[in-house]
Structure formats: C-alpha cells, structure tokens
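Numbering of the sequence shown is given in the working numbering, commencing with residue 516 and proceeding in unit increments.
From the three backbone atoms N, C-alpha and C, an ideal C-beta is built for every residue, glycine too.
Keep in mind the model is a prediction, meaning the values are calculated, not measured.
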Amino acid sequence: MNRSDIDFENRECVVFGKGKKERPVYFDARTKIHLRNYLNDRKDSHPALFVTLVGKAQRLGIAGVEIRLRKLGDKLGIQKVHPHKFRRTLATKAIDKGMPIEQVQKLLGHSKIDTTLAYAMVNQNNVKHSHQKFIS
C-alpha cells in the first residue's frame, strides 16, 4: 500500500488482496488522526505507507508487519498477536453489531460467503438474544 492509496477526505484506502484483487477499505476518524501523525513524523520520502524502522526506508513486507505485531504483543503481554486476528475480530464484531454477513463478506474481500462465516466467531449471547427475538 502506498501513501497515495489513502483518501483522507473520504476515510478510505485501496488495498490489494489475494490474487491482486483491489478493494476499498474504510477507517474511522481516530485512525485518520493516527495515520496523519505517522506520516507527518516520517523523515523519508518513500512512497510506501509502511516502511522499515532501521536503516534506509524500505517497503515493509508481510513478514515485517507480523514481526512488529508480535513484538508489540510481547511488550504488552498479549499472546499470539498477528494480522489475521485483526481480520477475524473485525468480522466477529461487525456481525455482533448487526452488520449483514454479505456486507462483512465485501469488507473482507471474500469471494465466497462460507469463508466469511468461518472467520466470524459466533457470540453465544447473540444466539440466545436472536432465539428470544425470533423464535420465542
């Protein structure tokens, strides 16, 4: 992802998923502030949004992101932190808050809804509430 892929006005950016599929991803006002601060603090002119911290700025790859997240997790005492966990949490929270599964599917860039369903962990309290609402 490059700096130019970010649209701060509309709070969205373009990402490329598996198979080089392009899709929009949205972010909230707080993320907008953090992204702007991050970019303002950077001393390099590299076009990549995320770059290495040591030496000459180079595009941060998937492995670099995973390593950084794990180090942050260790520092904070959080076990098993990885990018995939963020996607799974997003899917679960979106469904818990009532977002239609088809929209979650689009948000995650899944071509099959079964993939989205596998990502989302069902909250048992929501199952009970839905049972009371629709069946009881």
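Residues near residue i by beta carbon distance below 6 Å, same chain, minus five either side
| i | result |
| --- | --- |
| residue 626 | none |
| residue 593 | none |
Residue of the options minimising C-alpha distance to residue i
| i | options | result |
| --- | --- | --- |
| residue 521 | 562, 619, 620, 557 | 562 |
| residue 524 | 542, 538, 531, 530 | 542 |
| residue 550 | 528, 533, 567 | 528 |
| residue 645 | 598, 612, 590, 631 | 612 |
| residue 572 | 579, 560, 581 | 560 |
| residue 578 | 599, 641, 544, 558 | 599 |
| residue 544 | 526, 589, 533 | 526 |
| residue 580 | 630, 641, 564, 536 | 564 |
Exposure label - residue i; buried when at least 16 CB within 10 Å
| i | result |
| --- | --- |
| residue 619 | buried |
| residue 570 | exposed |
Test item: CB-CB of residue i and residue j under 8 Å
| i | j | result |
| --- | --- | --- |
| residue 603 | residue 596 | no |
| residue 554 | residue 566 | no |
| residue 616 | residue 632 | yes |
| residue 634 | residue 622 | no |
Own chain, CB closer than 7 Å to residue i, minus 5 neighbours either side, in chain order
| i | result |
| --- | --- |
| residue 530 | 516, 538, 540 |
| residue 610 | 616, 619, 635 |
| residue 536 | 624 |
Cβ shell of residue i (< 8 Å), same chain only, five flanking positions each side left out
| i | result |
| --- | --- |
| residue 519 | 562 |
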